[in-house]
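Numbering (this note's numbering), first residue to last: 18 to 476.
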């Protein structure tokens with residue numbers, strides 16, 4: 018494995034070098050947070066796809082393919098459809114606002130109290146997005162190189178924290194493009210064909226797996242619907258995704274390049290599910306299905322090539338980890354810290370410091386969580402259950418009030434937490450009950466409270 022480790026170390030060094038280059042480009046707050054709002058089609062498509070497809074999408078979808086067959090692709094499909102919808106229908110009005118965070122929309126529609134309440138939910142979501150991918154990084158390094166888990170998390174996650182903190186969105190954009198290319202080549206054009214070759218080709222894969230493995234509904238309609246409820250709507254309102262939208266040069270670029278990124282996500286999901294299916298044939302008695310990706314890489318690839326595919330997997334994980342980390346830090350510096358600092362806005366130096374400290378917190382959480390899909394589900398349950406209804410209401414319902422929005426956020430968030438504890442992270446009940454409670458409380462409290470006259474409504 019020495020050659021593989023060398024390839025991975027070269028990749029990590031390249032990420033740090035790109036982070037340093039991004040630091041030189043990040044000369045203002047706008048550069049650090051949204052890359053100067055100046056990305057063209059290629060950069061935008063690559064960074065958008067790289068952001069969405071992280072540890073859960075890669076390691077998690079291979080696991081789903083191992084267990085459920087081709088229908089495991091629905092997790093990535095829900096994410097991809099969300100990216101398409103966001104860029105086609107929401108990017109244009111969002112770009113006109115010239116904002117940095119999702120919660121600023123709520124402040125414009127309601128009041129600063131709604132922004133603060135939603136920022137707390139968004140912070141929890143963004144932290145868990147970062148944790149999910151750093152956890153996946155640790156798992157892959159642990160299985161492939163035999164490192165202790167905590168060492169794997171600190172080494173892999175530490176690279177992400179450093180390049181994110183020094184260069185912000187410019188570092189993320191530059192590293193995302195390299196990561197996008199590496200994971201496309203490594204997973205789609207190297208690992209998948211080799212896995213199919215080792216199985217004996219497509220015909221042998223069909224012969225050695227049950228017919229249910231090739232059905233797109235084997236995973237269950239309830240799971241498919243839940244994926245769309247959680248991940249599709251989560252993409253529409255996630256700070257890590259919106260922050261990428263804010264980087265694009267024009268709405269037209271967002272619509273074309275963003276749609277391409279969404280389609281790519283769906284294809285990526287199919288490739289990962291097929292890798293999982295091949296792994297099921299080649300390693301039928303795997304003790305821990307969460308290790309399906311690392312195990313198939315270790316078994317099927319020769320030295321050196323294995324290192325490239327490991328780098329491809331790390332690329333997918335690092336892009337999403339850095340997106341969650343910067344989203345959490347931006348929520349802190351733009352939405353929460355100004356309240357504590359008497360309205361004083363953040364500086365470039367403060368943004369770097371907060372990003373670094375947030376990264377340390379993310380690393381700490383990753384050391385005590387052990388399931389990438391559960392961590393991702395936790396993040397999206399909290400986000401969608403707490404914020405989807407107030408955000409939709411802010412856009413489409415004129416009678417909505419601040420009191421209704423805050424009631425919906427608080428009760429939706431609490432309901433999601435309650436049912437995750439009661440029924441487990443894999444249950445469907447947290448998202449359904451949290452949305453139901455959030456909707457009822459939003460409508461009832463809004464109708465019972467007087468709508469305040471805001472500058473927006475007066476105009």
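From the three backbone atoms N, C-alpha and C, an ideal C-beta is built for every residue, glycine too.
Item, Value
"The alpha helix (DSSP H) spanning residue 46 covers which residue range?", "46 to 51"
"So what does residue 265 bridge to, in DSSP terms?", "56"
"Cβ of residue 86 within 8 angstroms of Cβ of residue 232?", "yes"
"For residue 84, collect the residues of the same chain with a Cβ closer than 7 angstroms to its Cβ; drop the 5 residues on either side in sequence, then sort them by chain order.", "306"
"CA-CA distance, residue 196 and residue 331?", "8 angstroms"
"Would the segment 335 to 352 count as touching the segment 173 to 186 if we require 3 or more Cβ pairs under 8 angstroms?", "yes"
"Which one of 453, 436, 379 has the shortest CA to CA distance from residue 149?", "379"
"Just tell me which of 107, 156, 444 has its CA closest to the CA of residue 412.", "107"
"With a 10 Å radius around its C-beta and 16 neighbouring C-beta atoms as the bar for buried, classify residue 472 as buried or exposed.", "Residue confidence is low: residue 472 scores 38 on pLDDT, short of 50, so the model does not pin down where it sits. Its coordinate-derived value is still stated next. So residue 472 counts as exposed."
"So, helix, strand or coil for residue 235, using DSSP?", "coil"
"Ignore the nearest five residues each way along the sequence and tell me which others in residue 475's own chain have a CB closer than 6 angstroms to its CB.", "Low confidence applies to residue 475: its pLDDT is 38, below 50, so where it sits in the model is not reliable, and the reading given next is rough at best. Here the set comprises nothing."
"With DSSP run on the structure shown, which of helix, strand or coil describes residue 440?", "helix"
"Grab the span of the alpha helix (DSSP H) containing residue 193 for me, first residue to last.", "166 to 200"
"Among residues of its own chain, excluding the 5 on either side of residue 109, which ones have a beta-carbon nearer than 7 angstroms to its beta-carbon?", "268"
"Indicate whether residue 276 and residue 104 have their beta-carbon atoms separated by less than 8 angstroms.", "yes"
"Helix, strand or coil: how does DSSP classify residue 358 here?", "coil"
"So residue 401 packs on residue 327, CB below 8 angstroms; how close in whole Å?", "Residue 401 to residue 327, Cβ: 32 angstroms. No contact."
"Could you give the DSSP three-state label for residue 472: helix, strand or coil?", "Low local confidence applies: a pLDDT of 38 at residue 472 is under 50, so the model's placement there is unreliable, and no value is given."
"Quick one: what's got a C-beta closer than 7 angstroms to residue 209's C-beta in the same chain, skipping five residues either side?", "288, 291, 292"
"Work out the CA separation of residue 466 and residue 385 for me, nearest whole Å.", "43 angstroms"
"Could you check how far apart the C-beta atoms of residue 407 and residue 426 are, in whole angstroms? I think they sit under 8 angstroms.", "6 angstroms"
"Closest to residue 25 by C-alpha separation, out of 414, 350, 169, would be which residue?", "169"
"Using beta-carbon positions only, say whether residue 451 and residue 424 come within less than 8 angstroms of one another.", "no"
"Roughly how far, in whole angstroms, is the beta-carbon of residue 92 from the beta-carbon of residue 286, given that I think they are within contact range, below 8 angstroms?", "7 angstroms"
"Does the segment 136 to 150 come close enough to the segment 340 to 350 that 3 or more CB-CB pairs lie under 8 angstroms?", "yes"
"Counting C-beta neighbours from all protein chains within 10 Å, is the total for residue 49 16 or more, i.e. buried, or is it exposed?", "buried"
"Consult DSSP for residue 416 and reduce its assignment to one of helix, strand or coil.", "coil"
"On the three-state DSSP scale, how would you describe residue 119?", "coil"
"What's the gap between the Cα of residue 69 and the Cα of residue 31?", "21 angstroms"
"Assuming contact is defined by CB atoms lying nearer than 8 angstroms, are residue 117 and residue 347 in contact in what I supplied?", "yes"
"For residue 128, which three-state DSSP category applies?", "coil"
"Take the Cβ of residue 263 as the centre, count every other Cβ of all protein chains shown within 10 Å, and call the residue buried at 16 or more, exposed below.", "buried"
"In whole angstroms, give me the CA-to-CA distance for residue 156 and residue 132.", "36 angstroms"
"Would residue 398 be called buried (16 or more neighbouring beta carbons within 10 Å of its own) or exposed?", "buried"
"Considering only the beta carbon of each residue, do residue 99 and residue 248 sit closer than 8 angstroms?", "yes"
"Using a Cβ-Cβ cutoff of less than 7 angstroms, which residues in the same chain neighbour residue 47 once the five nearest sequence positions on both sides are dropped?", "53, 54"
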